Amino acid sequence: MHRNSSRKTSPESWFHMAGHGRKRHFKRLAAPKLVSIGRKKARYLRAPFAGRHKKGEAFSLLVLLRDVLKLARDRGEAKRVLSGGMVLVDGAARRDEAFPVGLMDTVSIPEQGLHFRIVVANGKLSPAVISEKEAGVKLCKVVGKSLVRGGKIQLSFHDGRSHIIEREEDRFSLGDTVKLSIPGQKISGFIKLEKGARCYIHLGKHAGKLAKLDGLLERAGSTATDASLTADAGEKLITRKNYVFAVEDDFKL
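In my numbering, the protein residues as written are 869 to 1121.
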(Lines of atoms letter the chains of each structure in order from A and count residues from 1; the text may use other names and numbers.)
(Lines give C-alpha, C1' and ligand atoms only; values in the text may rest on other atoms or scores of the structure.)
Protein backbone atom coordinates (compact mmCIF):
# COMPACT_ATOMS: atom_id res chain seq x y z
CA MET A 1 0.00 0.00 0.00
CA HIS A 2 1.34 3.42 -0.97
CA ARG A 3 1.35 5.87 1.96
CA ASN A 4 2.01 9.56 1.90
CA SER A 5 2.96 10.68 5.42
CA SER A 6 2.34 14.32 4.54
CA ARG A 7 -1.29 13.67 3.76
CA LYS A 8 -3.79 13.29 6.58
CA THR A 9 -5.27 9.83 6.70
CA SER A 10 -9.03 9.78 6.22
CA PRO A 11 -11.13 8.26 9.02
CA GLU A 12 -12.20 5.43 6.72
CA SER A 13 -8.70 4.49 5.54
CA TRP A 14 -7.40 4.82 9.10
CA PHE A 15 -9.90 2.21 10.24
CA HIS A 16 -8.96 0.00 7.33
CA MET A 17 -5.30 0.06 8.41
CA ALA A 18 -5.89 -0.12 12.16
CA GLY A 19 -5.03 -3.28 14.01
CA HIS A 20 -2.42 -4.63 11.65
CA GLY A 21 -0.33 -6.24 14.04
CA ARG A 22 -26.35 -17.21 24.08
CA LYS A 23 -28.01 -15.74 20.89
CA ARG A 24 -26.20 -12.54 20.20
CA HIS A 25 -27.60 -11.37 16.88
CA PHE A 26 -30.91 -10.36 15.36
CA LYS A 27 -31.98 -10.24 11.74
CA ARG A 28 -31.64 -6.82 10.12
CA LEU A 29 -35.27 -6.53 9.09
CA ALA A 30 -36.44 -7.71 12.53
CA ALA A 31 -34.37 -5.15 14.41
CA PRO A 32 -36.14 -2.72 16.79
CA LYS A 33 -37.40 0.40 15.01
CA LEU A 34 -34.96 2.80 16.70
CA VAL A 35 -31.95 0.73 15.64
CA SER A 36 -33.18 -0.47 12.25
CA ILE A 37 -30.38 -0.19 9.68
CA GLY A 38 -32.07 -1.31 6.47
CA ARG A 39 -31.13 -3.75 3.75
CA LYS A 40 -27.39 -4.35 3.56
CA LYS A 41 -25.05 -7.20 2.75
CA ALA A 42 -24.89 -8.62 6.27
CA ARG A 43 -28.01 -10.55 7.22
CA TYR A 44 -27.53 -10.27 10.98
CA LEU A 45 -26.73 -7.38 13.32
CA ARG A 46 -24.78 -7.77 16.56
CA ALA A 47 -27.19 -7.14 19.43
CA PRO A 48 -25.92 -4.98 22.32
CA PHE A 49 -25.59 -6.58 25.72
CA ALA A 50 -28.13 -5.61 28.37
CA GLY A 51 -27.58 -3.40 31.38
CA ARG A 52 -27.35 0.19 30.19
CA HIS A 53 -30.02 1.55 27.86
CA LYS A 54 -33.45 -0.03 27.56
CA LYS A 55 -33.89 -2.94 25.20
CA GLY A 56 -34.44 -1.70 21.66
CA GLU A 57 -33.00 1.76 22.42
CA ALA A 58 -29.32 1.11 21.73
CA PHE A 59 -27.11 -0.46 19.12
CA SER A 60 -23.82 -2.26 19.61
CA LEU A 61 -20.46 -0.63 18.92
CA LEU A 62 -20.00 -3.06 16.05
CA VAL A 63 -23.18 -1.85 14.38
CA LEU A 64 -22.24 1.78 15.00
CA LEU A 65 -18.78 1.47 13.45
CA ARG A 66 -19.60 -0.86 10.56
CA ASP A 67 -23.21 -0.13 9.60
CA VAL A 68 -23.93 3.41 10.76
CA LEU A 69 -20.67 5.37 10.57
CA LYS A 70 -19.26 2.99 7.94
CA LEU A 71 -15.78 3.34 9.40
CA ALA A 72 -15.11 -0.38 9.24
CA ARG A 73 -15.68 -2.69 6.30
CA ASP A 74 -16.46 -5.79 8.33
CA ARG A 75 -16.67 -7.24 11.82
CA GLY A 76 -13.00 -8.23 11.97
CA GLU A 77 -11.84 -4.73 11.10
CA ALA A 78 -14.12 -3.18 13.72
CA LYS A 79 -12.94 -5.63 16.39
CA ARG A 80 -9.28 -4.83 15.70
CA VAL A 81 -9.93 -1.13 16.18
CA LEU A 82 -11.93 -1.70 19.37
CA SER A 83 -9.31 -4.01 20.83
CA GLY A 84 -6.77 -1.20 20.49
CA GLY A 85 -8.84 1.06 22.76
CA MET A 86 -9.26 3.62 19.99
CA VAL A 87 -12.98 4.23 20.55
CA LEU A 88 -14.27 6.05 23.64
CA VAL A 89 -17.85 5.98 24.87
CA ASP A 90 -18.57 8.69 27.45
CA GLY A 91 -14.83 9.18 27.80
CA ALA A 92 -13.91 5.55 28.51
CA ALA A 93 -12.27 3.14 26.07
CA ARG A 94 -14.66 0.33 25.17
CA ARG A 95 -13.32 -2.84 23.58
CA ASP A 96 -16.39 -5.08 23.47
CA GLU A 97 -18.16 -5.14 20.11
CA ALA A 98 -21.47 -5.66 21.93
CA PHE A 99 -21.12 -2.62 24.20
CA PRO A 100 -24.43 -0.70 23.93
CA VAL A 101 -24.53 2.84 22.60
CA GLY A 102 -27.75 4.83 23.01
CA LEU A 103 -29.41 8.18 23.53
CA MET A 104 -27.06 11.04 24.49
CA ASP A 105 -23.97 8.82 24.68
CA THR A 106 -20.83 10.50 23.36
CA VAL A 107 -18.57 8.52 21.07
CA SER A 108 -15.04 9.78 20.36
CA ILE A 109 -12.15 8.61 18.21
CA PRO A 110 -9.43 11.00 19.47
CA GLU A 111 -6.74 9.98 16.99
CA GLN A 112 -8.96 11.17 14.16
CA GLY A 113 -10.59 14.10 15.97
CA LEU A 114 -14.04 12.54 15.53
CA HIS A 115 -16.74 13.14 18.13
CA PHE A 116 -20.43 12.21 18.04
CA ARG A 117 -23.51 12.38 20.23
CA ILE A 118 -26.18 9.73 19.75
CA VAL A 119 -29.60 11.28 19.11
CA VAL A 120 -32.86 10.27 17.42
CA ALA A 121 -33.31 11.57 13.87
CA ASN A 122 -36.00 10.48 11.41
CA GLY A 123 -37.22 7.94 13.92
CA LYS A 124 -33.87 6.18 14.33
CA LEU A 125 -30.82 6.45 16.54
CA SER A 126 -28.23 8.49 14.72
CA PRO A 127 -24.76 9.93 15.46
CA ALA A 128 -24.65 13.74 15.36
CA VAL A 129 -21.24 15.35 14.87
CA ILE A 130 -20.17 17.46 17.86
CA SER A 131 -17.04 19.32 18.95
CA GLU A 132 -14.37 18.02 21.30
CA LYS A 133 -15.64 20.46 23.93
CA GLU A 134 -19.21 19.17 23.61
CA ALA A 135 -17.91 15.60 23.88
CA GLY A 136 -16.58 16.52 27.33
CA VAL A 137 -20.11 16.70 28.75
CA LYS A 138 -22.65 13.88 29.06
CA LEU A 139 -26.32 14.80 29.44
CA CYS A 140 -28.22 12.43 31.73
CA LYS A 141 -31.94 12.57 32.46
CA VAL A 142 -32.98 11.83 36.05
CA VAL A 143 -35.47 8.94 35.94
CA GLY A 144 -35.30 7.84 39.58
CA LYS A 145 -34.30 8.93 43.09
CA SER A 146 -33.84 6.86 46.22
CA LEU A 147 -32.49 7.20 49.74
CA VAL A 148 -29.46 4.99 50.39
CA ARG A 149 -27.19 4.15 53.31
CA GLY A 150 -25.85 7.11 55.24
CA GLY A 151 -28.79 9.31 54.32
CA LYS A 152 -27.42 9.96 50.85
CA ILE A 153 -29.43 10.28 47.65
CA GLN A 154 -28.97 8.02 44.66
CA LEU A 155 -29.91 9.50 41.29
CA SER A 156 -30.79 7.02 38.54
CA PHE A 157 -30.25 8.16 34.96
CA HIS A 158 -31.81 7.24 31.62
CA ASP A 159 -28.72 5.31 30.47
CA GLY A 160 -28.75 2.90 33.41
CA ARG A 161 -26.05 4.57 35.46
CA SER A 162 -26.50 5.99 38.95
CA HIS A 163 -24.82 8.74 40.94
CA ILE A 164 -24.78 9.20 44.71
CA ILE A 165 -24.89 12.69 46.20
CA GLU A 166 -25.13 14.15 49.68
CA ARG A 167 -28.61 15.04 50.85
CA GLU A 168 -27.78 18.74 50.99
CA GLU A 169 -26.67 18.61 47.34
CA ASP A 170 -30.06 17.40 46.16
CA ARG A 171 -31.60 20.01 43.87
CA PHE A 172 -32.93 17.56 41.31
CA SER A 173 -36.42 16.44 40.33
CA LEU A 174 -37.47 13.59 38.07
CA GLY A 175 -37.09 14.72 34.48
CA ASP A 176 -34.28 17.19 35.15
CA THR A 177 -31.05 16.83 33.19
CA VAL A 178 -27.71 16.44 34.94
CA LYS A 179 -24.49 17.44 33.17
CA LEU A 180 -21.62 15.05 33.87
CA SER A 181 -18.04 15.95 33.04
CA ILE A 182 -16.17 13.42 30.90
CA PRO A 183 -14.15 11.45 31.75
CA GLY A 184 -14.34 12.44 35.44
CA GLN A 185 -18.09 11.72 35.75
CA LYS A 186 -18.52 14.68 38.11
CA ILE A 187 -21.71 16.74 38.16
CA SER A 188 -20.84 20.03 36.46
CA GLY A 189 -24.34 21.50 36.22
CA PHE A 190 -27.98 20.70 35.62
CA ILE A 191 -31.00 21.81 33.59
CA LYS A 192 -34.44 21.99 35.19
CA LEU A 193 -37.39 20.58 33.28
CA GLU A 194 -39.55 23.65 33.78
CA LYS A 195 -41.48 26.22 31.79
CA GLY A 196 -39.22 27.93 29.26
CA ALA A 197 -36.67 25.10 29.13
CA ARG A 198 -35.32 24.08 25.74
CA CYS A 199 -36.22 20.46 25.17
CA TYR A 200 -35.38 17.66 22.79
CA ILE A 201 -38.16 15.17 22.03
CA HIS A 202 -36.60 11.73 21.66
CA LEU A 203 -39.60 9.39 21.44
CA GLY A 204 -43.09 9.43 19.96
CA LYS A 205 -44.37 10.93 16.73
CA HIS A 206 -42.51 14.21 17.38
CA ALA A 207 -39.15 12.51 17.99
CA GLY A 208 -36.20 14.54 16.75
CA LYS A 209 -37.80 17.95 17.29
CA LEU A 210 -36.43 20.76 19.45
CA ALA A 211 -38.96 22.86 21.34
CA LYS A 212 -39.58 25.17 24.28
CA LEU A 213 -41.52 23.74 27.21
CA ASP A 214 -44.74 25.68 27.82
CA GLY A 215 -45.84 23.57 30.76
CA LEU A 216 -46.56 20.13 32.18
CA LEU A 217 -50.13 18.82 32.06
CA GLU A 218 -50.80 16.75 35.15
CA ARG A 219 -53.38 13.99 34.72
CA ALA A 220 -55.56 12.42 37.39
CA GLY A 221 -54.90 8.87 38.48
CA SER A 222 -52.18 6.80 36.88
CA THR A 223 -52.27 8.52 33.50
CA ALA A 224 -48.83 9.71 32.41
CA THR A 225 -48.07 13.43 32.59
CA ASP A 226 -48.05 15.25 29.25
CA ALA A 227 -45.85 18.13 28.16
CA SER A 228 -47.02 21.13 26.15
CA LEU A 229 -44.33 22.63 23.92
CA THR A 230 -43.71 25.07 21.09
CA ALA A 231 -41.39 23.75 18.41
CA ASP A 232 -38.63 25.92 16.97
CA ALA A 233 -40.75 26.29 13.82
CA GLY A 234 -43.68 27.60 15.90
CA GLU A 235 -45.78 24.42 15.92
CA LYS A 236 -47.69 23.64 19.13
CA LEU A 237 -46.98 20.13 20.38
CA ILE A 238 -48.31 17.78 23.03
CA THR A 239 -46.29 14.73 23.98
CA ARG A 240 -45.55 12.65 27.05
CA LYS A 241 -43.28 14.12 29.68
CA ASN A 242 -41.19 10.95 29.53
CA TYR A 243 -40.44 11.65 25.86
CA VAL A 244 -38.88 15.04 26.64
CA PHE A 245 -35.22 15.70 27.46
CA ALA A 246 -34.22 19.14 28.83
CA VAL A 247 -31.14 20.42 27.00
CA GLU A 248 -28.96 23.52 26.87
CA ASP A 249 -30.10 26.58 24.92
CA ASP A 250 -27.40 26.05 22.30
CA PHE A 251 -28.11 22.32 21.86
CA LYS A 252 -28.38 21.40 18.20
CA LEU A 253 -28.66 18.27 16.10
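Ideal placement from N, C-alpha and C gives every residue a C-beta, glycine not left out. On a predicted model such as this, the values are computed, not experimentally measured, just so you know.
Cβ neighbours of A1114 within its own chain (closer than 6 Å, five residues either side excluded): T1045, I1059, L1061, A1065, C1067. Annotation for R1066: the continuous beta strand (DSSP E) segment containing it runs 1066–1069. By the CB criterion at 8 Å, V957 and D935 fall outside the cutoff. DSSP places A940 outside any beta strand (DSSP E), giving it a letter other than H or E. Per DSSP, Q1053 has no beta-bridge partner at all. Take D1027, set aside five residues on each side of it, and the residues of its chain with a beta-carbon closer than 8 Å to its own are R920, H921, G970, L971, M972, D973, C1008, in chain order. Under the three-state reduction of DSSP output, V957 falls in the strand class. Contact holds between the stretch 1104–1111 and the stretch 1071–1080, because three or more Cβ pairs, one in each stretch, are under 8 Å apart. When the five nearest sequence neighbours on each side are left out, the beta carbons in the same chain lying within less than 7 Å of the beta carbon of A996 are those of F984, R985, V987, L1121, in order along the chain.
In the pairwise beta carbon analysis, the stretch 1081–1098 is classified as not touching the stretch 1028–1036: fewer than three pairs are separated by under 8 Å. Take the alpha-carbon of V1016 and the one of R963: they are about 32 Å apart. The three-state secondary structure of V949, taken from DSSP, is helix.
Beta-bridge partners of S976 (DSSP): L956, H983. CA-CA distance, S1014 to A1092, rounds to 21 Å. Note: I1032 is bridge-paired with Q1022 in the DSSP secondary-structure output. Counting only the Cα atoms, S928 lies some 23 Å from Y1111. In the three-state DSSP reduction, K1009 falls in the strand class (E or B). L1048 sits away from K1020, with the two beta carbons spaced by 8 Å or more.
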